[in-house]
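Asks:
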Amino acid sequence: MRAPPQTVTELRSALRRGEITSVAATQAMLDRIVALDNELKSYLTITDELALEQAAAADRRRAQGEDGALLGVPIAVKDIICVAGAPTTAGSKILDGFIPPYDAFVVQKLKEVGAVILGKTNTDEFAMGSSTENSAYFITRNPWDLEHVPGGSSGGSAAAVAAELAYGALGTDTGGSVRQPASFCGVVGLRPTYGRISRWGVVAFASSLDQVGTFGRTVADATALFQAIAGYDRRDSTSLNVPVPDYAAALTGDIRGLRVGVPAEYFVSGIEPEVETAVRAAIAKLEELGAEIHPITLPHTRYALPVYYLIAPAEASANLGRYDGVRYGPRVEGADMIDTVKKTRALFGPEVKRRIMLGTYALSAGYYDAYYGRALKVRTLIKQDFLNAFAQVDVIACPTSPTTAFKVGERADDPISMYLADIFTLSVNLSASCGLSVPCGFDSKGLPIGLQLIGNALQEATILNAAYAYEQATGWHQEKPRIGRG
Amino acid sequence: MTNPTTYYEPIIGLEIHAELMTNSKMFCGCKVVDSAEAPPNTAVCPVCLGMPGMLPVINRQAVEYALRVALALNCTIQHHNIFARKNYFYPDLPKAYQISQYELPLGVNGWLEIELEDGSSKRIGVRRVHMEEDTGKLTHLEGGGSLVDYNRSGVPLLEIVSEPDIHSGEEARAYGLKIRQILRYLGVNSGDMEKGVLRVEPNISIRPVGSTAFGTRTELKNLNSFKALAEGTAYEIARQAEILNRGGQVVQETRGWHDARRITFSQRSKEEAEDYRYFPEPDLPPLAISDEWIATVRASLPELPDAKVARYQADYGLSAYDARVLTEERAVAAWFETAVAAAPTHAAKTVANWVINNLFALMNEKKQGIEQIQVTPAGLVELIGLVENRTINHNTAKEVLAEMFATGQSAPAIVQASGLAQVSDEAAITAVIANVLAANPDSVTAYLGGKEKLLGFFIGQVMRELHGKGDPAVVNRLLSQTLAARRQA
Ligand SMILES: [Zn+2]
Numbered sequence: 014m015r016a017p018p019q020t021v022t023e024l025r026s027a028l029r030r031g032e033i034t035s036v037a038a039t040q041a042m043l044d045r046i047v048a049l050d051n052e053l054k055s056y057l058t059i060t061d062e063l064a065l066e067q068a069a070a071a072d073r074r075r076a077q078g079e080d081g082a083l084l085g086v087p088i089a090v091k092d093i094i095c096v097a098g099a100p101t102t103a104g105s106k107i108l109d110g111f112i113p114p115y116d117a118f119v120v121q122k123l124k125e126v127g128a129v130i131l132g133k134t135n136t137d138e139f140a141m142g143s144s145t146e147n148s149a150y151f152i153t154r155n156p157w158d159l160e161h162v163p164g165g166s167s168g169g170s171a172a173a174v175a176a177e178l179a180y181g182a183l184g185t186d187t188g189g190s191v192r193q194p195a196s197f198c199g200v201v202g203l204r205p206t207y208g209r210i211s212r213w214g215v216v217a218f219a220s221s222l223d224q225v226g227t228f229g230r231t232v233a234d235a236t237a238l239f240q241a242i243a244g245y246d247r248r249d250s251t252s253l254n255v256p257v258p259d260y261a262a263a264l265t266g267d268i269r270g271l272r273v274g275v276p277a278e279y280f281v282s283g284i285e286p287e288v289e290t291a292v293r294a295a296i297a298k299l300e301e302l303g304a305e306i307h308p309i310t311l312p313h314t315r316y317a318l319p320v321y322y323l324i325a326p327a328e329a330s331a332n333l334g335r336y337d338g339v340r341y342g343p344r345v346e347g348a349d350m351i352d353t354v355k356k357t358r359a360l361f362g363p364e365v366k367r368r369i370m371l372g373t374y375a376l377s378a379g380y381y382d383a384y385y386g387r388a389l390k391v392r393t394l395i396k397q398d399f400l401n402a403f404a405q406v407d408v409i410a411c412p413t414s415p416t417t418a419f420k421v422g423e424r425a426d427d428p429i430s431m432y433l434a435d436i437f438t439l440s441v442n443l444s445a446s447c448g449l450s451v452p453c454g455f456d457s458k459g460l461p462i463g464l465q466l467i468g469n470a471l472q473e474a475t476i477l478n479a480a481y482a483y484e485q486a487t488g489w490h491q492e493k494p495r496i497g498r499g
Numbered sequence: 364m365t366n367p368t369t370y371y372e373p374i375i376g377l378e379i380h381a382e383l384m385t386n387s388k389m390f391c392g393c394k395v396v397d398s399a400e401a402p403p404n405t406a407v408c409p410v411c412l413g414m415p416g417m418l419p420v421i422n423r424q425a426v427e428y429a430l431r432v433a434l435a436l437n438c439t440i441q442h443h444n445i446f447a448r449k450n451y452f453y454p455d456l457p458k459a460y461q462i463s464q465y466e467l468p469l470g471v472n473g474w475l476e477i478e479l480e481d482g483s484s485k486r487i488g489v490r491r492v493h494m495e496e497d498t499g500k501l502t503h504l505e506g507g508g509s510l511v512d513y514n515r516s517g518v519p520l521l522e523i524v525s526e527p528d529i530h531s532g533e534e535a536r537a538y539g540l541k542i543r544q545i546l547r548y549l550g551v552n553s554g555d556m557e558k559g560v561l562r563v564e565p566n567i568s569i570r571p572v573g574s575t576a577f578g579t580r581t582e583l584k585n586l587n588s589f590k591a592l593a594e595g596t597a598y599e600i601a602r603q604a605e606i607l608n609r610g611g612q613v614v615q616e617t618r619g620w621h622d623a624r625r626i627t628f629s630q631r632s633k634e635e636a637e638d639y640r641y642f643p644e645p646d647l648p649p650l651a652i653s654d655e656w657i658a659t660v661r662a663s664l665p666e667l668p669d670a671k672v673a674r675y676q677a678d679y680g681l682s683a684y685d686a687r688v689l690t691e692e693r694a695v696a697a698w699f700e701t702a703v704a705a706a707p708t709h710a711a712k713t714v715a716n717w718v719i720n721n722l723f724a725l726m727n728e729k730k731q732g733i734e735q736i737q738v739t740p741a742g743l744v745e746l747i748g749l750v751e752n753r754t755i756n757h758n759t760a761k762e763v764l765a766e767m768f769a770t771g772q773s774a775p776a777i778v779q780a781s782g783l784a785q786v787s788d789e790a791a792i793t794a795v796i797a798n799v800l801a802a803n804p805d806s807v808t809a810y811l812g813g814k815e816k817l818l819g820f821f822i823g824q825v826m827r828e829l830h831g832k833g834d835p836a837v838v839n840r841l842l843s844q845t846l847a848a849r850r851q852a
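From first to last, the protein sequence lines are chains U and E.
Numbered according to this note's numbering, the first sequence spans residues 14 to 499.
Numbered according to this note's numbering, the second sequence spans residues 364 to 852.
1) Comparing C-alpha positions only, which one of LYS814(E), SER632(E), MET826(E), PRO804(E) sits nearest to ALA791(E)?
2) Between GLY517(E) and ligand 1, is there a pair consisting of the residue's CB and a ligand heavy atom that are separated by less than 7 Å?
3) Heavy atom of ligand 1 less than 7 Å from the Cβ of VAL407(E), yes or no?
4) Return the Cβ separation of GLU564(E) and LYS590(E) in integer angstroms, given the expectation that the two are a contact with Cβ distance under 8 Å.
5) With DSSP run on the structure shown, which of helix, strand or coil describes ILE719(E)?
6) Answer yes or no: do SER525(E) and GLY482(E) have a C-beta to C-beta separation smaller than 8 Å?
7) Which one or two residues does DSSP pair with TYR56(U) in a beta bridge?
8) Compile a chain-ordered list of the residues in the region 564-590 of chain E whose CB is closer than 9 Å to at least one CB of chain U.
9) Quick one: grab the DSSP three-state call for THR153(U).
10) Of the choices ALA705(E), VAL511(E), LYS671(E), ALA381(E), whose alpha-carbon is the least far from that of GLU692(E)?
11) Using beta-carbon positions only, say whether GLY266(U) and TYR115(U) come within less than 8 Å of one another.
12) Please state whether DSSP places TYR460(E) in a helix, a strand or coil.
13) Of all Cβ atoms in chain E, is any one closer than 8 Å to the Cβ of GLU328(U)?
14) Based on Cα-Cα distance, which residue from ALA327(U), HIS161(U), PRO415(U), GLU52(U) lies nearest to TYR381(U)?
15) In angstroms with no decimal places, state the Cα-to-Cα distance between ASP80(U) and ALA69(U).
16) By the 10 Å Cβ neighbour count, where 16 or more other Cβ atoms means buried, how is HIS490(U) classified, buried or exposed?
17) Out of PRO194(U), THR290(U), VAL441(U), GLN193(U), which has the shortest C-alpha to C-alpha gap to ASP456(U)?
18) If you draw a straight line from the alpha carbon of ILE719(E) to that of TRP698(E), how long is it in whole angstroms?
19) Nearest to ASP669(E) by CA position, among TRP474(E), ASN386(E), ALA535(E), is which residue?
20) Taking only beta-carbon positions, decide if PHE723(E) is within less than 8 Å of chain U.
21) Considering just the uninterrupted stretch of the beta strand (DSSP E) at LEU501(E), what are its terminal residues?
22) So, with DSSP's three-state summary, where would you put ASN422(E)?
23) In whole angstroms, what separates the C-alpha of ASP455(E) from that of GLU557(E)?
24) Rounded to whole angstroms, what's the CA-CA distance from MET364(E) to GLU480(E)? Just pull it up for me.
25) Rounded to the nearest angstrom, how far is the Cβ of PHE239(U) from that of VAL191(U), given a contact under 8 Å?
26) In angstroms, rounded to a whole number, what distance separates the CA positions of PHE111(U) and PRO419(E)?
27) If we count the other Cβ atoms within 10 Å of its Cβ and call it buried at 16 or more, is TYR684(E) buried or exposed?
28) Nearest CA to the CA of ALA309(U): which residue from LYS133(U), PHE403(U), GLY104(U), TYR432(U)?
29) Within 7 Å: the Cβ of VAL410(E) and any heavy atom of ligand 1?
30) Does any C-beta atom of chain E lie closer than 8 Å to the C-beta of THR373(U)?
31) Once you ignore the five residues that flank MET14(U) on each side, which residues in its own chain have a CB closer than 8 Å to its CB?
32) Roughly how far, in whole angstroms, is the beta-carbon of LEU323(U) from the beta-carbon of TYR384(U), given that I think they are within contact range, below 8 Å?
33) Starting from ASN332(U), trace the alpha helix (DSSP H) both ways and give me its first and last residue.
34) Is there a Cβ from chain E that is less than 8 Å from the Cβ of ALA237(U)?
35) Could you give the DSSP three-state label for HIS380(E): helix, strand or coil?
36) I need the straight-line Cα distance from ALA171(U) to ASN401(U), nearest angstrom please.
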């Protein structure tokens, strides 16, 4: 038997040539999920009936002559993104059993192009975490080593794509939640510019930072998903009403003359030597491919973490106030109305409670100016850092995370060390930039390392092409994790 | 209670919340319905229910309505508008925050002229006019349990905050009434306080006359009429004065008005007051309001009550009082102006008298608004014409108007059908006069002897014989002539 298609690109060719049907490809994925996900635990919900229906519909559309990049392609959706009729928990007990009556904008778009939704992937509760250990349901494992975390918060999506339990996946990235797990799981993860993709139907964590992102085993795959979901949506007032370019066409692999900036602030103590070595080698590879390398400086980098941990919890403290059990989700009955609400809110997990308290404090009368107000001002400085840098370079190259995937439980009791896992990704969210992570090697334990490429606002095509050139020249994406291979 | 105004100066500011009568809600596409009548939770969607992942989109019509009000209240319009989240928890607030303007409201530094009972007027500052969204409605059941209706959730709400320029319950009432009149003129709010679409909340403090420091203030809620506003405010002023006279201290708190007992009572003290943790709403980018938009809205504003009053006085020669009465409601003023336009130029004042003295009485009696009545402006002018050309006299005309009001028939048709046309035929009138004088020889003698007041008696007798239809001017003239002839005889 011929080996099943490995990527979205391969699957599309096979579907086009009639070598496989979407129903068969979808069933193969569902079988693989059944076989492997008991160990990996990347999916919270498997929407098998929906998937097979969608696959059959895609096959019919193809029979009528349609041929889109994602037509009939089975993918996964992070469980913080609403799919009408399917449970959406955001990894929280407070949304246990919640079934939204609406599709998120991105899900509507995927359905339009005929993608097949296999299920909803695990996430840290309300996307608050960097390891998927904060899921209220279970911990997802890293397919390269089950003792290690997949990263987070979109760890379920990253692990599922890495373990070939989906051809691609959607995640969300508020502070690095797509790029960091992509790095940990050895896949490509794109976090587009804020406003490039509508947030309609995406359960809010921190509204000014949240953005949907895509995972693929290759740059082309992540690009295909991105192409399908990018665009303006009048229901999201922060969505950008600008045309969507042909991103696939931008993947030429030619990066001659590309100006690549290397920020001094991202190669500091705390970074694992093996990570630094791999990232520096990757930058050398870019130079070899014709890029110009420039040292740059992002002087306010060290403020990104504190700024992020004021702004994100502040917005979250407001966003999460609605989960009171009055209108939807579980309700824990108490003595009276207020008691009922109190008991219901006890369903929030410890990290979520911690951030609600942090955010509430930062916004409180008498503290606002010192905390939230000041954080907004410093955020402006961080934005300006990037604008200054992009006056000189096209792309910024740096590590995605200072370390490779850590062990399950290793940082669970130490929030600060957990927060540091996102130290290189937060600035993209705080500024108006876009970023991605592309595999750039392995450490001595065999765990993947990610190269982060950052672009100016709406310059996704530039960073995707740089990543594509690098990927084609190195072939890290052809390495496979151990899971499912005996 | 002692008379507080002797010793204390009350300082009052008013916060007014007005729902805007837009087609859809502030941030979603749901219809704005009468929440007193629509079945609960029938005008709701995932956005105004605060469901996960839902996002607000600003309603352009609501901004335009708000602009109308801010401009009518002489506010400076801010070009850069920011919405904030006002965080507090209550089950009728589905997102646990209200989207509201905070630091940068739509309109600032406005003012409004109010008329006081003694006929003088006074300018009250309007500190700010800002946009926000209304909450749902919670009902607690007697046997325990609570019900919530989100039809009102997300309805556009305008908050109008006055400067503390108000010094009595009557002034508060005059200001509230004037705001309501303007909101109605602008077509943005029905002004129905009982339904809660207009809510007025005064902040009240008092201080010794001559002092410049502010006293501790209380905020008054649950005022469901302007009468309650005036009474509640006066009550609160007197209550605070009594406390101070006793040497006590006023507690900063929110107090409710008990409409049946006509007292205020403590609802929530400052210690329990919430910290709303305002911060800029990240789901909404700043709202830019261009000069062009402001100019367009300004040009579309109707003539407002004060301008109308001035014009009625200048152009129609009306008294200030009559002008106010006619401009109280925009629809009445429009009705009146249509009538004036149809009438001869000199007749504006006559039209005004007919409307104020007669039409209003009929409307009050039948409890009909100007929109409901069957009398048209042209119909009234026609009736006035019949009086002027002496087809009917004034008293008959009143009866005809009542008939017009009741049946919708035209004045000429009524006059024709009922034979109400006035008798101006001099021969007929002369004959009646002769009969009346013949029947009252003693009175004639007395009149000729100098009791000239008896002329009225003779006119009355003649009019009675003519069944009230005699032309008073002709009757008067012929009677005077006849009596004068007898005197000379
Ligand atoms: Zn709605």
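All C-beta atoms in this analysis are idealised placements derived from N, C-alpha and C, irrespective of residue type, glycine included.
Replies: Let me spell this out:
1) Numbered from its first residue, the second sequence carries residue 791(E) at position 428. Among LYS814(E), SER632(E), MET826(E), PRO804(E), the Cα nearest to that of ALA791(E) belongs to MET826(E).
2) Mapped onto the second sequence, residue 517(E) falls at position 154. At least one heavy atom of ligand 1 is nearer than 7 Å to the Cβ of GLY517(E), so yes.
3) Taking the first residue of the second sequence as 1, we reach residue 407(E) at position 44. Checking the Cβ of VAL407(E) against ligand 1 gives yes.
4) Your numbering for residue 564(E) matches position 201 in the second sequence. Your numbering for residue 590(E) matches position 227 in the second sequence. GLU564(E) to LYS590(E), Cβ: 16 Å. No contact.
5) Taking the second sequence and counting its residues from 1, one reaches residue 719(E) at position 356. In this structure, ILE719(E) counts as helix in the three-state DSSP scheme.
6) Indexing the second sequence from 1 puts residue 525(E) at position 162. Indexing the second sequence from 1 puts residue 482(E) at position 119. No, Cβ-Cβ distance for SER525(E) and GLY482(E) is not below 8 Å.
7) Your numbering for residue 56(U) matches position 43 in the first sequence. In DSSP, TYR56(U) forms a bridge with THR134(U).
8) none
9) What you label residue 153(U) is simply residue 140 of the first sequence in a count that begins at 1. Three-state DSSP puts THR153(U) in coil, outside helix and strand.
10) Here residue 692(E) refers to the residue found at position 329 of the second sequence. With respect to the C-alpha of GLU692(E), the residue from ALA705(E), VAL511(E), LYS671(E), ALA381(E) having the closest C-alpha is LYS671(E).
11) Along the first sequence, read from residue 1 onward, the residue named residue 266(U) stands at position 253. Along the first sequence, read from residue 1 onward, the residue named residue 115(U) stands at position 102. Result no, Cβ atoms of GLY266(U) and TYR115(U) do not sit closer than 8 Å.
12) Position 97 of the second sequence, counted from the start, is the residue given in the question as residue 460(E). TYR460(E): strand per DSSP, three-state reduction.
13) If you number the first sequence from 1, residue 328(U) lands on position 315. Closer than 8 Å: yes.
14) For the purposes of this step, residue 381(U) is identified with residue 368 of the first sequence, where counting begins at 1. For TYR381(U), the nearest C-alpha among the options comes from ALA327(U).
15) Here residue 80(U) corresponds to residue number 67 of the first sequence, with the count starting at 1. Here residue 69(U) corresponds to residue number 56 of the first sequence, with the count starting at 1. Their backbone Cα atoms lie some 14 Å apart in a straight line.
16) By 1-based counting over the first sequence, the position of residue 490(U) is 477. HIS490(U) comes out buried.
17) Here residue 456(U) refers to the residue found at position 443 of the first sequence. Measuring from the Cα of ASP456(U), the nearest candidate turns out to be THR290(U).
18) One-based indexing of the second sequence puts residue 719(E) at position 356. One-based indexing of the second sequence puts residue 698(E) at position 335. Their Cα atoms are separated by approximately 12 Å.
19) Within the second sequence, the letter at position 306 stands for residue 669(E). The candidate whose alpha carbon is nearest that of ASP669(E) is TRP474(E).
20) The sequence position of residue 723(E) within the second sequence is 360, counting from 1. So, not an interface residue.
21) The sequence position of residue 501(E) within the second sequence is 138, counting from 1. That run of the beta strand (DSSP E) goes 500-503.
22) As a first step, residue 422(E) is located in the second sequence; it is residue number 59 there, counting from the start. Three-state result, ASN422(E): coil.
23) Position 92 of the second sequence, counted from the first residue, corresponds to residue 455(E). Position 194 of the second sequence, counted from the first residue, corresponds to residue 557(E). Cα to Cα, the separation comes out at about 20 Å.
24) Locating residue 364(E) in the second sequence gives position 1, counting from the first residue. Locating residue 480(E) in the second sequence gives position 117, counting from the first residue. At MET364(E), the pLDDT of 47 sits below 50, so the modelled position is not reliable; the number obtained from the coordinates is stated separately. Computed Cα separation, rounded: 24 Å.
25) As a first step, residue 239(U) is located in the first sequence; it is residue number 226 there, counting from the start. As a first step, residue 191(U) is located in the first sequence; it is residue number 178 there, counting from the start. That pair is no contact at about 11 Å.
26) Taking the first residue of the first sequence as position 1, residue 111(U) is located at position 98. Taking the first residue of the second sequence as position 1, residue 419(E) is located at position 56. Each residue's Cα considered, the two are about 21 Å apart.
27) Translated into the one-based positions of the second sequence, residue 684(E) becomes position 321. Flag for TYR684(E) reads exposed.
28) Translated into positions along the first sequence, residue 309(U) becomes position 296. Checking the sequence shown, residue 309(U) turns out to be Ile, not Ala. Ranking the options by Cα distance to ILE309(U), first place goes to PHE403(U).
29) Residue mapping note: residue 410(E) aligns to position 47 of the second sequence, counting from 1. Yes, the Cβ of VAL410(E) comes within 7 Å of a heavy atom of ligand 1.
30) Looking up residue 373(U) in the first sequence gives position 360. By this cut-off, THR373(U) is an interface position.
31) Your numbering for residue 14(U) matches position 1 in the first sequence. The pLDDT assigned to MET14(U) is 44, lower than 50, so where the model puts this residue is not dependable; a value taken from the coordinates is nonetheless given after this. Here the set comprises nothing.
32) Your numbering for residue 323(U) matches position 310 in the first sequence. Your numbering for residue 384(U) matches position 371 in the first sequence. Between TYR384(U) and LEU323(U) the Cβ distance is about 5 Å, and since that is below 8 Å, they are a contact.
33) Counting from one through the first sequence, the residue named residue 332(U) turns up at place 319. Per DSSP, ASN332(U) belongs to the alpha helix (DSSP H) from 317-332.
34) Within the first sequence, residue 237(U) is the residue found at index 224, counting from 1. Not an interface residue.
35) Here residue 380(E) refers to the residue found at position 17 of the second sequence. In the structure shown, the three-state DSSP call for HIS380(E) is strand.
36) One-based indexing of the first sequence puts residue 171(U) at position 158. One-based indexing of the first sequence puts residue 401(U) at position 388. If I take the Cα positions, the gap works out to 32 Å.
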